[in-house]
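Position 131 of the sequence shown, counting from 1, maps to 132 under my numbering, and the rest follow consecutively. For every residue, glycine included, the Cβ atom is placed at its ideal position computed from N, Cα and C. As structure tokens, the structure follows; a few thoughts come after it.
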Amino acid sequence: MAVPPGAPPHPPASAAETVDTTVTTVTTVSTVDPLKSTRRAGDPPCDVYLTGTVFLDIIFTGLDSAPVRGTESWARGMGSSPGGVANMAIALSRLGLRTSLAAAFGDDHYGEYCWDALARGEGIDLASSRTVPGWHSPVTVSMAYEGERTMVSHGHEPPPDADSPDGGAPKCPPRARAAVASLVPGEGAPWIAAAARRGTRIFADVGWDDTGRWDLGALPDLKHCEAFLPNAEEAMRYTGTTCPRAAAHALTEHVPLAVVTLGAEGAYAVDGRSGRTASVPAIEVEALDPTGAGDVFVAGFVTGTLAGWPLADRLAFAGLTAALSVQEFGGSLSAPGWAEVGAWWRRVREVDGQDPVALRRYAFLESLLPEPTRTWPLRRAVPTIGFRRSL
């Protein structure tokens, strides 16, 4: 079945268009509440809880190729934005979920910028976060070229305090409908079990296992999770299978819902409780920068799950939001909101020759989308590092 192609991506910016320009962060509070029909008195104050490290991401764009050893490369543009766990937080908030983040912030200019961008610019609740005097913000430099990126990071663990001995997550996280956790092989996070005991639905991803063991038993918090969302390579290594779909089925022996991302082939999900499966092909777009696409996929899937959508709709929406995000440079600020989703849906139906079956795959969006306020192509200001001295 053909998949409706993404709306034409922005053309690559010229050198004149990508030179640094100081801009003001624009508040992007969502005009759509996807959980409106499910909200009841006594609900948790936040929809999704997150904890982790916030980086200042510095992104060099307009590189024609990877830097070559012993040479100097000039980028045609440079931007900055909050990164790390901020990618997920912004993606969730832009989709209309009330998002709470527990993180440490440095008391330097970078920390102040990230705090302001998250709290004021994106409406994220930072009541569980803290500013650490004398601690400098972690930084990641990302170089985007040929649809890929190379990153260099630097940072130190923040000092512990009484409420967050691990440097970030409080001992008892706030009540939330859901939480997203990044599992680390060989390590457990006490907040995950505490949140699960309070009825929070845990969605988990995982990073590469540097130990090479690929042992699901080394992920002790997986037993507290409702859904596990690894990529195909991770899923196959953890299950000892050679097929991503077989790996997804095998994972349901350990977690109720397994979602395996398949890159250019889309995604596949298995609900072990009902036996339902769903497979959605990827949307073909011109990828400018894949930074944060995995976080956006998870955010889209969490949104659909909390809203009670069918499994296939959740998978399709997650893939769509991830596809829209890779058409922009940067991690967190490339996350789409409902205006971008609506613009894509209106544009894609205008393209001649679309497969009507494929279009029906996304017809569930009709009842959710706001009235059009912008037309395609959408443009994004690229933020740069610019701080004004306090008066």
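How many whole angstroms separate the CB atoms of residue i and residue j, which I take to be in contact at a CB cut-off of 8 Å?
| i | j | result |
| --- | --- | --- |
| Leu51 | Leu102 | 5 Å |
| Val133 | Pro160 | 7 Å |
| Val327 | Asp353 | Contact flag wrong, Cβ pair sits at about 25 Å. |
| Ala236 | Ala249 | 6 Å |
| Thr262 | Ala228 | Rounded, the Cβ-Cβ distance is 13 Å, inconsistent with contact. |
| Phe1 | Ala145 | Here the chain has residues from 2 to 392 only, and residue 1 is not among them. |
| Val260 | Leu230 | 4 Å |
| Val342 | Leu312 | That pair is no contact at about 19 Å. |
| Phe56 | Ser130 | Incorrect: roughly 14 Å between the Cβ atoms, too far for contact. |
DSSP on residue i, reduced to helix/strand/coil?
| i | result |
| --- | --- |
| Cys244 | coil |
| His250 | helix |
| Phe330 | coil |
| Leu258 | strand |
| Val281 | strand |
| Ser275 | coil |
| Ser101 | strand |
| Arg350 | coil |
| Ala308 | coil |
| Gly135 | coil |
| Ala270 | strand |
| Asp162 | coil |
| Gly295 | helix |
| Thr201 | coil |
| Thr39 | helix |
Do the CB positions of residue i and residue j come within less than 9 Å of each other?
| i | j | result |
| --- | --- | --- |
| Asp44 | Gly85 | no |
| Gly332 | Asp356 | no |
| Ala268 | Ala294 | no |
| Arg202 | Cys47 | no |
| Ile405 | Ile91 | A query on residue 405 cannot be resolved here, the shown segment of the chain reaching from 2 to 392 and no further. |
| Gly97 | Asp34 | yes |
| Ala270 | Ser280 | yes |
| Leu127 | Trp136 | no |
| Trp215 | Arg246 | no |
| Thr240 | Leu252 | yes |
| Leu325 | Val286 | yes |
According to DSSP, what are the bridge partners of residue i?
| i | result |
| --- | --- |
| Gly80 | Ile60 |
| Cys47 | Ala177 |
| His155 | Val140 |
| Ser183 | Asp206 |
| Tyr146 | Glu149 |
| Asn232 | Thr262 |
| Gly107 | Val133 |
Whole angstroms are fine: how far does the CA of residue j sit from the CA of residue i?
| i | j | result |
| --- | --- | --- |
| Pro337 | Phe298 | 11 Å |
| Ala105 | Ala308 | 30 Å |
| Pro171 | Val349 | 44 Å |
| Leu93 | Thr62 | 25 Å |
| Arg277 | Asp108 | 49 Å |
| Gly112 | Leu119 | 11 Å |
| Ala179 | Asp211 | 28 Å |
| Ile284 | Gly320 | 7 Å |
| Pro221 | Arg198 | 15 Å |
| Phe204 | Thr54 | 18 Å |
| Arg95 | Glu372 | 16 Å |
| Tyr363 | Leu316 | 11 Å |
| Glu254 | Gly273 | 8 Å |
| Gly156 | Asp314 | 39 Å |
| Trp75 | Thr151 | 15 Å |
| Arg361 | Leu258 | 25 Å |
| Ser183 | Asp206 | 5 Å |
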